[in-house]
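Chains as they are written, first to last, in full-length UniProt numbering: chain B, 1 to 193; chain D, 1 to 193.
C-beta atoms are modelled at their ideal positions from N, C-alpha and C, and glycine is treated no differently.
Input: a single structure, listed below in structure tokens.
2 protein chains.
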Amino acid sequence: MNIRTDSREKMIKAASRLFQMQGYHATGLNEILKKSDAPKGSLYYYFPKGKEELALAAIGLASDIIQSKIRASLSVYADPILAIQNVIRDMEKAIKKDGKLENVSLSLLSLETYLSSETLREACRKSFIELEKIYAEKLRESGIFPQSAQNLGMVIQAMIEGAITISITKKDTTTLAAVAEQIAVIIKPYKTT
Amino acid sequence: MNIRTDSREKMIKAASRLFQMQGYHATGLNEILKKSDAPKGSLYYYFPKGKEELALAAIGLASDIIQSKIRASLSVYADPILAIQNVIRDMEKAIKKDGKLENVSLSLLSLETYLSSETLREACRKSFIELEKIYAEKLRESGIFPQSAQNLGMVIQAMIEGAITISITKKDTTTLAAVAEQIAVIIKPYKTT
DNA sequence: TCTCTATTATAGTGATCGGTCTACATATTA
DNA sequence: TAATATGTAGACCGATCACTATAATAGAGA
Chain B
1 MNIRTDSREK MIKAASRLFQ MQGYHATGLN EILKKSDAPK GSLYYYFPKG
51 KEELALAAIG LASDIIQSKI RASLSVYADP ILAIQNVIRD MEKAIKKDGK
101 LENVSLSLLS LETYLSSETL REACRKSFIE LEKIYAEKLR ESGIFPQSAQ
151 NLGMVIQAMI EGAITISITK KDTTTLAAVA EQIAVIIKPY KTT
Chain D
1 MNIRTDSREK MIKAASRLFQ MQGYHATGLN EILKKSDAPK GSLYYYFPKG
51 KEELALAAIG LASDIIQSKI RASLSVYADP ILAIQNVIRD MEKAIKKDGK
101 LENVSLSLLS LETYLSSETL REACRKSFIE LEKIYAEKLR ESGIFPQSAQ
151 NLGMVIQAMI EGAITISITK KDTTTLAAVA EQIAVIIKPY KTT
């Protein structure tokens with residue numbers, strides 16, 4: 001089988017990074033190849049359908065990483081309010097680090113592809129839903145009714161996604177911080193404990 | 001002066017629409033020219049610095065339209081909760097209409113340009129801040145303390161922006177509706193009346 | 001009518017885009 | 001060793017990108 005060949009992995013990693021940061025259309029195949037120092041011949045060997053197929057794999061990887069980061073941040077606290085605030089704090093750190101979108105949000109890719117590629121839109125959609133579920137589950141664990149938890153999960157996911165977009169644009173994470181504060185307000189009314 | 005020449009206006013309008021819908025990098029100059037049936041030679045006459053300069057004007061127009069639409073929706077109700085919920089309802093309608101981003105959000109342009117163009121990033125930033133202020137003002141009018149109003153304005157703006165992104169991606173405005181519901185929850189604690 | 005300026009037309013620039021192709025190297029298996 | 005997958009090399013393709021150069025056109029003022 002494929003032994004010492006990590007070209008595929010390297011291409012997906014580089015593509016994931018670049019697509020998230022600067023977007024799908026702003027990222028050329030050549031740039032991906034260069035950053036991953038993989039040969040061009042290999043691209044169409046592993047991804048015969050080209051850029052879109054590579055992007056699908058890249059979105060998959062990004063989604064997995066984002067999910068696991070959020071799960072890790074959530075698990076630090078049992079209380080859902082503290083836990084979600086911790087997630088947001090970690091995102092603030094990631095954004096402050098160098099002001100780039102890396103493993104925090106698929107919003108850019110999602111908005112770039114919702115019209116032009118059903119395949120990629122669907123991948124982003126699934127990722128969004130997965131994140132909602134992660135938040136909802138944390139809320140359910142603390143005794144919030146499933147229906148309320150699901151609704152709150154959606155809202156929390158929207159707040160965070162929007163705050164990331166705005167914080168990146170402003171080069172200032174105040175909006176993320178403000179959202180973190182309000183997390184407490186929207187969850188408290190549903191807490192049974 | 002010159003005879004009624006609306007070529008400039010037509011180009012900005014078409015550019016604004018296309019950039020918002022499909023993004024900056026996905027929209028070619030030729031497409032803009034075609035859709036605006038403006039004379040091909042006129043683009044670099046009115047926008048000597050090219051695409052970026054046109055985009056700046058397009059963002060300005062989009063921002064103005066979005067602001068005035070939000071102001072109009074807000075003014076229907078005196079109560080800030082009802083007013084903001086009305087804004088969101090109107091956005092749901094706009095998105096349901098044909099599933100495209102048109103005069104509702106600059107998130108796509110913002111995320112596409114935050115790294116590559118300081119000029120366009122700045123234009124998006126200003127637009128975001130303006131929207132926060134609009135919401136904050138509505139809250140202040142109903143007696144909420146300025147500091148709280150400003151914070152809530154930021155959060156509301158983030159919630160809406162995020163919910164738009166997610167709703168567009170899912171082709172389903174449930175998230176926007178869920179956010180509208182929670183608007184009441186986050187504003188109530190600050191209401192003095 | 002003639003001139004001047006504002007606007008438009010069009011051909012063409014080099015660069016880069018995503019994608020294709022064939023030749024070749026290497027590794028595994030028979 | 002021979003045969004066969006598996007993967008790499010990179011030149012090449014037409015199309016399109018943003019952009020430029022220069023000439024033609026038209027209207028306004030004299």
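With the cut-off set at 8 Å, would you say residue i and residue j are in Cβ contact?
i, j, result
"Ser-167 (chain B)", "Ile-95 (chain B)", "yes"
"Leu-152 (chain B)", "Ala-163 (chain B)", "no"
"Thr-165 (chain B)", "Leu-111 (chain D)", "yes"
"Lys-171 (chain B)", "Phe-128 (chain D)", "no"
"Ile-81 (chain B)", "Ala-184 (chain B)", "yes"
"Gln-67 (chain D)", "Ile-160 (chain D)", "no"
"Thr-192 (chain D)", "Ile-144 (chain D)", "yes"
"Gln-20 (chain B)", "Ala-62 (chain B)", "yes"
Just verifying my parser: in three-state terms, what is the DSSP assignment at residue i?
i, result
"Leu-108 (chain B)", "helix"
"Asn-103 (chain B)", "coil"
"Lys-93 (chain D)", "helix"
"Asn-2 (chain B)", "Unreliable positioning characterises Asn-2 (chain B) in this predicted model, as indicated by a pLDDT of 42, which lies under 50. The coordinate reading is nonetheless provided below. Asn-2 (chain B): coil per DSSP, three-state reduction."
"Ala-38 (chain D)", "coil"
"Ile-144 (chain B)", "coil"
"Pro-48 (chain B)", "coil"
"Leu-82 (chain D)", "helix"
"Gly-28 (chain B)", "coil"
"Gly-162 (chain B)", "helix"
"Gly-23 (chain B)", "coil"
If you draw a straight line from the C-alpha of residue i to the C-alpha of residue j, how long is it?
i, j, result
"Leu-18 (chain D)", "Lys-49 (chain D)", "19 Å"
"Asn-2 (chain D)", "Lys-10 (chain D)", "Because the pLDDT at Asn-2 (chain D) is just 45, under 50, the model does not fix this residue reliably, and the value given afterwards should be weighed accordingly. Looking at the two C-alpha atoms, the distance is approximately 16 Å."
"His-25 (chain B)", "Ala-55 (chain D)", "16 Å"
"Glu-181 (chain B)", "Arg-71 (chain D)", "26 Å"
"Ile-187 (chain B)", "Gln-85 (chain D)", "19 Å"
"Arg-4 (chain B)", "Ala-123 (chain B)", "Any answer about Arg-4 (chain B) is weak, because its pLDDT of 47 lies below 50 and its placement is not dependable; what the coordinates show is given next. Each residue's Cα considered, the two are about 29 Å apart."
"Val-104 (chain D)", "Arg-89 (chain D)", "12 Å"
"Arg-8 (chain D)", "Gly-28 (chain D)", "17 Å"
"Val-76 (chain D)", "Ala-83 (chain D)", "6 Å"
"Tyr-44 (chain B)", "Asp-64 (chain D)", "45 Å"
Residues of chain D with CB under 7 Å from residue i, in chain order?
i, result
"Ile-186 (chain B)", "Gln-182, Val-185, Ile-186"
"Ala-158 (chain B)", "Met-159, Gly-162, Ala-163, Ile-166, Thr-175, Val-179"
Against residue i, what residues of chain B qualify as contacts under a CB-to-CB distance less than 8 Å, listed in chain order?
i, result
"Pro-189 (chain D)", "Val-185"
Give me the chain B residues within the contact set of residue i, using Cβ-Cβ distance strictly less than 7 Å, ordered along the chain.
i, result
"Ser-110 (chain D)", "Thr-165, Thr-169"
Under 9 Å Cβ-Cβ, which residues of chain B neighbour residue i?
i, result
"Met-21 (chain D)", "Leu-115"
"Lys-100 (chain D)", "Tyr-114, Leu-115"
Tell me whether residue i counts as near the ligand NAD, meaning its Cβ is closer than 7 Å to at least one heavy atom of that ligand.
i, result
"Ile-129 (chain B)", "As presented, the structure is devoid of all ligands, the ligand NAD included, so that no description of it is given."
- Task: Please list the residues of the stretch 113-133 of chain B that have a C-beta atom closer than 7 Å to any C-beta atom in chain D, keeping them in chain order.
- Result: Tyr-114, Leu-115, Ser-116, Arg-121, Cys-124, Arg-125, Phe-128
- Message: Against chain B, which members of the stretch 67-97 of chain D pass a CB distance test of less than 7 Å?
- Response: none
- Task: Scan the stretch 22-48 of chain B for residues whose Cβ lies nearer than 7 Å to a Cβ of chain D and list them as they occur along the chain.
- Result: Gln-22, Gly-23, His-25, Ala-26
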